[in-house]
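Okay, so here's the structure we're looking at.
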Amino acid sequence: MKLPIDVVKINHISFQNVVKKRMKFHYSQMEANLDQFISGIVESGYNLEGPFFYSLNNTPLDEIMDVEMFMPISNTICNLDGYEFSSYFEIENLLKTVVKGNFYTMTEQGFAKLMISLEENDFDIVTPFYHFFPKDGLNYLELLVGYSDISE
2 MKLPIDVVKI NHISFQNVVK KRMKFHYSQM EANLDQFISG IVESGYNLEG
52 PFFYSLNNTP LDEIMDVEMF MPISNTICNL DGYEFSSYFE IENLLKTVVK
102 GNFYTMTEQG FAKLMISLEE NDFDIVTPFY HFFPKDGLNY LELLVGYSDI
152 SE
(Lines of atoms letter the chains of each structure in order from A; the text may use other names.)
(Lines give C-alpha, C1' and ligand atoms only; values in the text may rest on other atoms or scores of the structure.)
Protein backbone atom coordinates (compact mmCIF):
# COMPACT_ATOMS: atom_id res chain seq x y z
CA MET A 2 0.00 0.00 0.00
CA LYS A 3 1.38 3.39 -1.04
CA LEU A 4 0.32 6.17 1.32
CA PRO A 5 1.66 9.67 1.97
CA ILE A 6 3.15 10.22 5.41
CA ASP A 7 0.01 11.98 6.69
CA VAL A 8 -2.47 9.27 5.60
CA VAL A 9 -2.63 6.06 7.63
CA LYS A 10 -4.50 2.77 7.36
CA ILE A 11 -6.94 1.98 10.18
CA ASN A 12 -8.07 -1.66 10.47
CA HIS A 13 -11.41 -0.82 12.06
CA ILE A 14 -13.34 1.53 14.30
CA SER A 15 -16.10 0.40 16.61
CA PHE A 16 -18.37 1.89 19.24
CA GLN A 17 -21.16 0.59 21.44
CA ASN A 18 -24.51 2.26 22.20
CA VAL A 19 -24.53 4.87 19.45
CA VAL A 20 -27.26 7.50 19.06
CA LYS A 21 -27.58 8.81 15.51
CA LYS A 22 -29.62 11.23 13.47
CA ARG A 23 -29.57 11.97 9.74
CA MET A 24 -30.45 15.42 8.42
CA LYS A 25 -29.94 17.87 5.56
CA PHE A 26 -29.11 21.55 6.02
CA HIS A 27 -27.04 24.43 4.63
CA TYR A 28 -23.39 24.17 5.65
CA SER A 29 -23.67 27.46 7.57
CA GLN A 30 -26.14 25.72 9.95
CA MET A 31 -23.71 22.96 10.95
CA GLU A 32 -22.91 24.31 14.41
CA ALA A 33 -26.57 24.95 15.27
CA ASN A 34 -27.55 21.43 14.18
CA LEU A 35 -24.66 19.92 16.12
CA ASP A 36 -25.70 21.81 19.26
CA GLN A 37 -29.30 20.69 18.80
CA PHE A 38 -28.25 17.06 18.28
CA ILE A 39 -26.10 16.99 21.44
CA SER A 40 -28.53 18.95 23.62
CA GLY A 41 -31.41 16.69 22.57
CA ILE A 42 -29.50 13.71 23.94
CA VAL A 43 -28.28 15.37 27.15
CA GLU A 44 -31.58 17.09 28.00
CA SER A 45 -33.33 13.72 27.72
CA GLY A 46 -31.11 12.34 30.48
CA TYR A 47 -28.63 10.28 28.47
CA ASN A 48 -24.90 10.33 29.27
CA LEU A 49 -22.44 11.17 26.48
CA GLU A 50 -19.52 8.79 26.04
CA GLY A 51 -18.06 10.18 22.82
CA PRO A 52 -16.38 10.86 20.60
CA PHE A 53 -18.82 12.84 18.47
CA PHE A 54 -18.53 12.11 14.76
CA TYR A 55 -20.56 12.55 11.62
CA SER A 56 -20.68 11.21 8.08
CA LEU A 57 -20.93 13.48 5.07
CA ASN A 58 -23.20 11.59 2.67
CA ASN A 59 -22.95 13.84 -0.38
CA THR A 60 -20.27 15.67 -2.37
CA PRO A 61 -18.06 17.56 0.10
CA LEU A 62 -18.36 20.82 -1.86
CA ASP A 63 -22.18 20.98 -1.92
CA GLU A 64 -23.76 23.85 0.03
CA ILE A 65 -26.55 21.61 1.34
CA MET A 66 -25.03 18.94 3.56
CA ASP A 67 -26.48 15.44 3.94
CA VAL A 68 -25.12 14.52 7.35
CA GLU A 69 -25.59 11.67 9.80
CA MET A 70 -24.45 12.58 13.32
CA PHE A 71 -23.28 9.94 15.80
CA MET A 72 -22.69 10.03 19.56
CA PRO A 73 -21.78 6.99 21.66
CA ILE A 74 -23.53 7.09 25.03
CA SER A 75 -22.95 5.16 28.25
CA ASN A 76 -26.62 4.08 28.43
CA THR A 77 -27.48 0.67 26.97
CA ILE A 78 -30.86 1.73 25.56
CA CYS A 79 -32.17 4.95 24.08
CA ASN A 80 -35.74 5.82 23.11
CA LEU A 81 -35.58 9.35 21.80
CA ASP A 82 -38.00 10.75 19.20
CA GLY A 83 -36.26 11.71 15.98
CA TYR A 84 -33.10 9.77 16.84
CA GLU A 85 -32.03 6.21 16.08
CA PHE A 86 -30.06 3.91 18.37
CA SER A 87 -27.59 1.15 17.49
CA SER A 88 -26.09 -1.13 20.09
CA TYR A 89 -22.99 -1.49 17.92
CA PHE A 90 -21.29 0.51 15.15
CA GLU A 91 -18.28 -0.79 13.22
CA ILE A 92 -16.43 -0.03 9.99
CA GLU A 93 -13.41 -1.93 8.70
CA ASN A 94 -10.62 -0.91 6.29
CA LEU A 95 -10.31 2.84 6.57
CA LEU A 96 -7.84 5.52 5.57
CA LYS A 97 -7.33 8.44 7.93
CA THR A 98 -5.77 11.88 7.82
CA VAL A 99 -5.72 14.64 10.43
CA VAL A 100 -6.82 18.21 9.67
CA LYS A 101 -5.47 21.11 11.73
CA GLY A 102 -5.99 24.86 11.51
CA ASN A 103 -8.82 26.35 9.48
CA PHE A 104 -11.23 23.43 9.12
CA TYR A 105 -13.08 24.93 6.14
CA THR A 106 -10.01 25.15 3.91
CA MET A 107 -7.96 22.31 5.37
CA THR A 108 -10.81 19.78 5.20
CA GLU A 109 -10.86 20.11 1.40
CA GLN A 110 -7.14 19.28 1.37
CA GLY A 111 -7.83 16.30 3.63
CA PHE A 112 -10.52 15.02 1.24
CA ALA A 113 -8.06 15.40 -1.64
CA LYS A 114 -5.31 13.45 0.19
CA LEU A 115 -7.70 10.60 0.92
CA MET A 116 -9.07 10.52 -2.64
CA ILE A 117 -5.57 10.49 -4.16
CA SER A 118 -4.55 7.68 -1.78
CA LEU A 119 -7.61 5.66 -2.83
CA GLU A 120 -6.86 6.18 -6.53
CA GLU A 121 -3.13 5.40 -6.26
CA ASN A 122 -3.90 2.09 -4.56
CA ASP A 123 -6.82 1.11 -6.82
CA PHE A 124 -9.22 1.17 -3.86
CA ASP A 125 -12.96 1.70 -4.17
CA ILE A 126 -14.59 4.10 -1.72
CA VAL A 127 -17.24 2.16 0.24
CA THR A 128 -18.32 4.61 2.96
CA PRO A 129 -19.04 8.29 3.24
CA PHE A 130 -16.34 10.52 4.71
CA TYR A 131 -16.40 10.42 8.52
CA HIS A 132 -15.39 13.46 10.58
CA PHE A 133 -14.21 12.74 14.14
CA PHE A 134 -13.80 15.42 16.78
CA PRO A 135 -11.42 14.71 19.69
CA LYS A 136 -12.82 14.11 23.17
CA ASP A 137 -10.11 16.31 24.65
CA GLY A 138 -11.29 19.44 22.81
CA LEU A 139 -8.02 19.98 20.94
CA ASN A 140 -8.11 21.89 17.67
CA TYR A 141 -7.96 19.11 15.08
CA LEU A 142 -10.29 16.87 13.11
CA GLU A 143 -9.81 13.31 11.91
CA LEU A 144 -11.14 12.47 8.43
CA LEU A 145 -11.73 8.80 7.66
CA VAL A 146 -13.09 6.94 4.65
CA GLY A 147 -13.76 3.23 4.15
CA TYR A 148 -12.30 1.40 1.18
CA SER A 149 -12.32 -1.91 -0.65
CA ASP A 150 -9.24 -3.27 -2.42
CA ILE A 151 -10.25 -3.78 -6.07
CA SER A 152 -7.37 -6.21 -6.67
CA GLU A 153 -8.58 -8.71 -4.06
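Numbering (this note's numbering), first residue to last: 2 to 153.
Note that the Cβ used here is the ideal one computed from N, Cα and C, for glycine as well.
When Cβ pairs closer than 8 Å are counted between the two stretches, the stretch 67-81 is seen to touch the stretch 42-58, the count reaching three or more.
Ranking Asp82, Glu32, Thr106, Ala33 by CA distance to the CA of Leu62 puts Thr106 first. The Cβ-Cβ distance between Val20 and Tyr89 does not fall below 9 Å. Taken through DSSP and simplified to helix, strand or coil, Lys3 comes out as coil. With fewer than 16 other CB atoms across the displayed protein chains lying within 10 angstroms of its CB, Ile151 is exposed. When the Cα atoms are used, Met2 and Leu96 turn out to be separated by approximately 11 Å.
The residue among Lys101, Phe133, Met31, Asn94 with its C-alpha nearest the C-alpha of Val127 is Asn94. Pairing Lys101 with Asp36, the inter-Cα distance amounts to about 22 Å. Excluding residues up to 5 positions away in sequence, nothing lies with its Cβ nearer than 8 Å to the Cβ of Thr60 in the same chain. Per DSSP, the continuous alpha helix (DSSP H) segment holding Ser40 begins and ends at 31-43. In this chain, the beta strand (DSSP E) harbouring Gly147 covers 141-150.
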